[in-house]
Amino acid sequence: DDRAAAPDAARRRAAVKTALEAVWKGYAARRGADDDGAAETFRAACSFAACELFRRAVGAASVPDLADCATPAAREKAELLVVDVAAGLLETPPDDVAGLCAWLDSAYDAAMMAGA
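Structure below.
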């Protein structure tokens, strides 16, 4: 039932946002980046993450989160979603955690509407 899954998905989304904010806040504090430098570094980190997503989806090394999909069709669907997310992050990396979370929310919503 999609209604039963919605609260769990909302909790996961909130937990991801909290984790992203905590990691970035800690990194920025240790680095001592000013606002301009932090935005540039954050965009670079998002671009690196996008490259890692590509590697996981299309690389020679199999990763459990994709390899363990129930069916080949489910795996293909998951891999295509990962490639779409990675391409979007490379195309327009966000400036900060709030932008990344908003971008991820819209990507998640689009995937759900597409039946992913």
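Its first residue numbered 8, the sequence shown is counted upward by one per residue in our numbering. Note that the Cβ used here is the ideal one computed from N, Cα and C, for glycine as well. It should be emphasised that the depicted structure is a prediction, and the values quoted were computed from it without experimental measurement.
Contacting residues, own chain, Cβ-Cβ under 7 Å from residue i (five flanking each side not counted)
i: ARG63; result: VAL70, LEU73 and VAL89
8 Å Cβ cutoff met for residue i and residue j
i: LEU107; j: LEU27; result: yes
i: PHE61; j: ALA85; result: no
i: VAL102; j: PHE55; result: Correcting the residue identity first, residue 102 is Asp in this sequence and not Val. Contact flag unset, no.
Per-residue burial, residue i [other beta carbons within 10 Å of its own, 16 or more giving buried]
i: PRO100; result: buried
i: VAL104; result: buried
Collapsed DSSP secondary structure at residue i in the structure displayed
i: PRO71; result: helix
i: THR48; result: helix
i: THR78; result: coil
i: ALA121; result: coil
i: GLY33; result: helix
Integer Cβ distance of residue i from residue j, believed to fall under 8 Å
i: ALA45; j: ALA57; result: Not confirmed; about 19 Å, so no contact.
i: ASP112; j: ARG20; result: 7 Å
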